[in-house]
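The structure under discussion appears below in the form of structure tokens.
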Amino acid sequence: DQQVKQNSPSLSVQEGRISILNCDYTNSMFDYFLWYKKYPAEGPTFLISISSIKDKNEDGRFTVFLNKSAKHLSLHIVPSQPGDSAVYFCAASAQGTASKLTFGTGTRLQVTL
Amino acid sequence: GAGVSQTPSNKVTEKGKYVELRCDPISGHTALYWYRQSLGQGPEFLIYFQGTGAADDSGLPNDRFFAVRPEGSVSTLKIQRTERGDSAVYLCASSFGGGSRELFFGEGSRLTVL
Numbered sequence: 001d002q003q004v005k006q007n008s009p010s011l012s013v014q015e016g017r018i019s020i021l022n023c024d025y026t027n028s029m030f031d032y033f034l035w036y037k038k039y040p041a042e043g044p045t046f047l048i049s050i051s052s053i054k055d056k057n058e059d060g061r062f063t064v065f066l067n068k069s070a071k072h073l074s075l076h077i078v079p080s081q082p083g084d085s086a087v088y089f090c091a092a093s094a095q096g097t098a099s100k101l102t103f104g105t106g107t108r109l110q111v112t113l
Numbered sequence: 001g002a003g004v005s006q007t008p009s010n011k012v013t014e015k016g017k018y019v020e021l022r023c024d025p026i027s028g029h030t031a032l033y034w035y036r037q038s039l040g041q042g043p044e045f046l047i048y049f050q051g052t053g054a055a056d057d058s059g060l061p062n063d064r065f066f067a068v069r070p071e072g073s074v075s076t077l078k079i080q081r082t083e084r085g086d087s088a089v090y091l092c093a094s095s096f097g098g099g100s101r102e103l104f105f106g107e108g109s110r111l112t113v114l
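Protein chains in written order, with the numbering used here: chain A, 1 to 113; chain B, 1 to 114.
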């Protein structure tokens, strides 16, 4: 039972354009959401997060949007850069089990010149 | 060190053998986590330590898997009687405290069971 789903395994975007990565979840107990970025042969690194009390969080080129009614979140990267090419994982945790993150299967982003 | 350190980076073993994977967390981080990432999947939670004790081991798949953190710093994940299905990258992460959900991951230990 996949509680966090990333339905697009890959995405290709031209440099300078917007990248939009999507994530859906099924568990209504999730109250905190995170995006992690992973380069080959490295561990995931934290990128940005959002609490369920907000609907938007912005950090430089990265913005995460949360739509609780649709159980959907998205990560926007503007403008996309070649160094953004990586696998992006959406993750979620529930109140009371903050230590346990549930990850999606990831979306591979390729930013082309 | 500056980041989470995991050894070995690669381990190849035969079915039925015993394996130990080590994790050295970021200095000062009291919380330590083990995750497992199989091919084409996201990381899957195994166990969480707060200090020396396992606060949540609900992700360990069966009793062949065991983890310790005797002094509240370095942790060892132990797998007995390995099976081919145990092949995966085992990721360790640490954080300032159990309430922090921003985990710092190591590069992982890739385990291959032949």
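No residue lacks a Cβ here, since even glycine has one placed at the ideal position from N, Cα and C. It should be emphasised that the depicted structure is a prediction, and the values quoted were computed from it without experimental measurement.
Collapsed DSSP secondary structure at R84 (chain B) in the structure displayed
The answer is helix: DSSP assigns R84 (chain B) an H, G or I state.
With H, G and I counted as helix, E and B as strand and the rest as coil, what does DSSP make of G53 (chain B)?
Residue state, collapsed to three classes: strand.
Please confirm whether V4 (chain A) and A86 (chain A) have their CB atoms less than 7 angstroms apart.
Contact flag unset, no.
Just confirm the distance between the C-beta atoms of D59 (chain A) and I50 (chain A), as a whole number of angstroms; I'd bet it's less than 8 angstroms.
Between the beta-carbon of D59 (chain A) and that of I50 (chain A) there is about 10 angstroms, and that puts the pair past the 8 angstroms contact cut.
Against chain B, does G16 (chain A) count as a neighbour if the rule is that its beta carbon must be under 7 angstroms from one of theirs?
Contact of G16 (chain A) with chain B is not assigned, every C-beta pair being separated by 7 angstroms or more.
Assess contact between the stretch 14-30 of chain B and the stretch 18-35 of chain A, defined as three or more Cβ pairs (one per stretch) separated by less than 8 angstroms. Is contact present?
Counting Cβ pairs under 8 angstroms, fewer than three are found: no touch.
Rounded separation between Q41 (chain B) and L101 (chain A) - CA only:
Rounded to the nearest angstrom, the two C-alpha atoms are 14 angstroms apart.
Note the first and the last residue of the continuous beta strand (DSSP E) segment covering S69 (chain A).
No beta strand (DSSP E) holds S69 (chain A); DSSP gives it neither H nor E.
For D86 (chain B), count neighbouring Cβ atoms within 10 angstroms of its own Cβ and tell me buried if that reaches 16, exposed if not.
Counting the other Cβ atoms within 10 Å of the Cβ of D86 (chain B) gives 16 or more, which makes it buried.
For D84 (chain A), which three-state DSSP category applies?
In the structure shown, D84 (chain A) sits in a helix (DSSP, three-state: H, G or I).
Secondary structure at D59 (chain A), three-state DSSP: helix, strand or coil?
If DSSP states are grouped into helix, strand and coil, D59 (chain A) belongs with the strands.
What is the residue span of the beta strand (DSSP E) that D24 (chain B) lies within?
According to the DSSP assignment, D24 (chain B) belongs to the beta strand (DSSP E) that extends over V19 to D24.
With a threshold of 7 angstroms between beta-carbons, can S52 (chain A) be considered close to chain B, or not?
No, its Cβ sits nowhere closer than 7 angstroms to a Cβ of chain B.
Members of the stretch 11-39 of chain A near chain C, C-beta cut-off 7 angstroms
No chain C is present in this structure, whose protein chains are A and B.
Determine which residues share a DSSP beta bridge with T30 (chain B) and list them.
T30 (chain B) pairs with nothing; no bridge assigned.
Please state if the CB of Y35 (chain B) and the CB of L21 (chain B) are separated by a distance shorter than 7 angstroms.
Contact: no.
6 angstroms Cβ shell around T63 (chain A) - same chain, five flanking residues per side excluded:
Closer than 6 angstroms at the Cβ level, and outside the excluded window around T63 (chain A), lie H76.
Is it buried or exposed for V19 (chain B), if we count other Cβ within 10 angstroms and need 16 for buried?
Under this definition V19 (chain B) is a buried residue.
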